[in-house]
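So the sequence lines, in the order shown, correspond to chains D and C. Residue 1 is where the first sequence starts when you use my numbering, and the numbers rise one by one after that. Residue 1001 is where the second sequence starts when you use my numbering, and the numbers rise one by one after that.
There are 2 protein chains.
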Amino acid sequence: MTKNLTPMIQSCVLHFGEMGSRWGINRTVGQMYALIVLNKEPLCADDIAEALGFSRSNVSMGIKELLSWELIKLQHLPGERREFYSAPGDVWDIAKTLMEQRRKREIDPTLTTLRNLLLETPANSEEEFAQQRMRDMHELIEMLTLWTAEIQRLDSARLMKLSKLGSNIGKVLDMKDKLLGR
Amino acid sequence: MTKNLTPMIQSCVLHFGEMGSRWGINRTVGQMYALIVLNKEPLCADDIAEALGFSRSNVSMGIKELLSWELIKLQHLPGERREFYSAPGDVWDIAKTLMEQRRKREIDPTLTTLRNLLLETPANSEEEFAQQRMRDMHELIEMLTLWTAEIQRLDSARLMKLSKLGSNIGKVLDMKDKLLGR
DNA sequence: CTGTAATTTCAGTATTTACTGAAATTACAG
DNA sequence: CTGTAATTTCAGTAAATACTGAAATTACAG
């Protein structure tokens, strides 16, 4: 934290730093991302290093990570030799990317592992029980995944609709029943 | 990994250990939880320490953490002086607890922080922009949260229905439009 | 109570993860 | 090409986190 951040922006940056460290993302990268998201103008590595008081090399690694998550994109500013980075303008785009990446890194490997273990023949009743739990987990995770994949396909407009549809999935289910005449 | 785990169960335990460390949960606790979930019978601390080759004190701390997450419950077995632990029998219960706890620990503090920062009067156009992004984030997160809260209220049976309703939220929306004659 | 089994705590240590600065590489203006 | 600004790499170090063993506490049977 070296230069020119207003208290408001600094608070937000620090908060996302702390939060970041509860996810896979580390504190530094969390702060960097908050800074980029809160900034209208794209930032270059030096801007970030200066604003947050990190070493230039640390910023370089952080940028690499954010790029690999596809959370920022590189852009060249006219008449500038340095590289600038910015986040999507729509927070829903950011959220979708996060969900997608987390799925790839955290869910998919688990589904694969479970599927493989379910192919094995249980050697005893202990393994039979264990396999049943794995089957349950697999089914549940797959369902939730399909579901969020579906949500991710929505654009901001439809999302708003859903949001207004409001907080009652139960009602949606009832509607469906009614609609299908059951 | 000292004793008596079959290769199948061991693989699963190790996998959830690795995965655990990508969440807030550490590797050891992840392994412990997998072991408990995969076991029909409740386990005591010594069972766990022996099966996974951890020190008794490490297991004690892990149990404390799992209890604080409400992912396991303590039970006394008849004629046993030691304390035994088991996971819910329904994986959906486990998932609901996880969602709930993650919300409490990761989402709520962020919503609070954002709300507080939104109460401040922006000092300049830079802060105005930053606040707009915070507002967007707050709205989106709140919506997703309300939504998952709703899902959490479903019991296994309704969940199944939803799962069969299948992977098309878009269609649900269409249904709603139709039903409401819009 | 008393003795013992079970559990927890915690200071010290080990391991992992994050961060830095110096050197190497790349990218580009002239 | 050449020179210089920008970026990346990476070995070394710092910081954070996880884990252990010994000692303290608790819980309970007799």
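We put the beta carbon where it would ideally sit given N, CA and C, even for glycine. All values reported here derive from a predicted model rather than from experimental measurement.
In this structure MET32/D touches VAL59/D by the C-beta definition: roughly 7 angstroms separates them, less than 8 angstroms. Counting the other Cβ atoms within 10 Å of the Cβ of GLY62/D gives 16 or more, which makes it buried. Identification of chain D residues near GLY1024/C by a Cβ-Cβ cut-off of 7 angstroms yields ARG22, ordered along the chain. Of the candidates ASP1046/C, ALA1130/C and SER1011/C, the residue whose Cα lies closest to the Cα of GLY89/D is ALA1130/C. Taking every protein chain shown into account, the CB of LEU1114/C has 16 or more other CB atoms within 10 angstroms, so this residue is buried. Judged by beta-carbon spacing, ALA51/D lies within the 8 angstroms limit of LEU35/D, meaning their Cβ atoms are closer than that value. A direct Cα-Cα distance of roughly 26 angstroms separates LEU159/D from TRP1092/C. A Cβ-Cβ separation of about 7 angstroms places GLN152/D in contact with GLU100/D under the 8 angstroms criterion. With a contact defined as Cβ atoms closer than 8 angstroms, GLN1075/C and PRO1042/C qualify at about 6 angstroms. For the stretch 80 to 98 of chain D, the set of residues with a beta-carbon nearer than 7 angstroms to any beta-carbon of chain C comprises VAL91, TRP92 and ALA95, in chain order. When the alpha-carbon of SER125/D is set against those of SER1021/C, VAL1029/C, GLY1024/C and LEU1038/C, the nearest one is in LEU1038/C. Between LEU1014/C and the set GLY1024/C, ASN1004/C, TRP1023/C and THR1028/C, the nearest pair of CA atoms involves THR1028/C. Taking 9 angstroms as the Cβ-Cβ cut-off, the stretch 115 to 126 of chain D approaches chain C at ASN116, LEU117, GLU120, PRO122, ALA123, ASN124, SER125 and GLU126, given in chain order.
Neighbours of ILE9/D in chain C, taken as residues at a C-beta separation under 8 angstroms, are given in chain order as GLU1126, GLU1127 and ALA1130. Not a single C-beta of chain D is nearer than 8 angstroms to the C-beta of MET1061/C. At a C-beta separation below 8 angstroms, ASP108/D has no neighbours in chain C, since its nearest C-beta there lies roughly 11 angstroms away.
Here PHE1129/C carries a helix assignment [DSSP, helix/strand/coil]. Going by beta carbons, ARG22/D and GLU1106/C fall inside the 8 angstroms limit.
Spanning the alpha carbons of SER86/D and SER57/D requires a straight line of approximately 19 angstroms. For SER68/D, the enclosing alpha helix (DSSP H) stretches over residues 56 to 68. Residues ASP90 and TRP92 of the same chain have their beta carbon placed closer than 7 angstroms to that of SER156/D, with the five preceding and five following residues left out of the count. Spatial neighbours of LEU1154/C in its own chain (CB-CB distance under 8 angstroms, excluding positions within 5 residues in sequence) are listed in chain order as LEU1162.
Under the DSSP definition of a beta bridge, LEU1074/C partners with TYR1085/C. Contact check for CYS12/D against LEU1117/C passes: the beta carbons are separated by less than 8 angstroms. Of the residues assessed, LYS1096/C falls on the buried side of the cut-off, its CB having 16 or more other CB atoms within 10 angstroms. Per DSSP, the continuous alpha helix (DSSP H) segment holding ARG1027/C begins and ends at 1027 to 1038. Within its own chain, the residues whose Cβ lies closer than 8 angstroms to the Cβ of ILE1094/C, once the five positions on either side in sequence are excluded, are VAL1037, LEU1071, ALA1087 and PRO1088, listed in chain order. Distance between GLY1030/C and PHE1054/C, taken at the CA atoms: about 13 angstroms.
Within chain C, VAL1091 have C-beta atoms less than 7 angstroms from the C-beta of MET137/D, given in sequence order.
DSSP, reduced to helix, strand and coil, places LEU1043/C within a strand of the structure shown. Close CB contacts of THR1148/C within its chain, under the 8 angstroms cut and outside five residues either way in sequence, are with MET1099 and ARG1103 (chain order). With its beta carbon less than 8 angstroms from one in chain D, VAL1037/C belongs to the interface.
With respect to the 8 angstroms criterion, LEU1111/C and GLU1142/C are classified as neighbours on the basis of their beta carbons. Nearest CB-CB separation between CYS1044/C and chain D: not below the 8 angstroms threshold. The continuous stretches of alpha helix (DSSP H) do not include ASN1004/C, and DSSP gives it neither H nor E. In this model, PRO1109/C and ARG1135/C are separated by some 15 angstroms (Cα to Cα).
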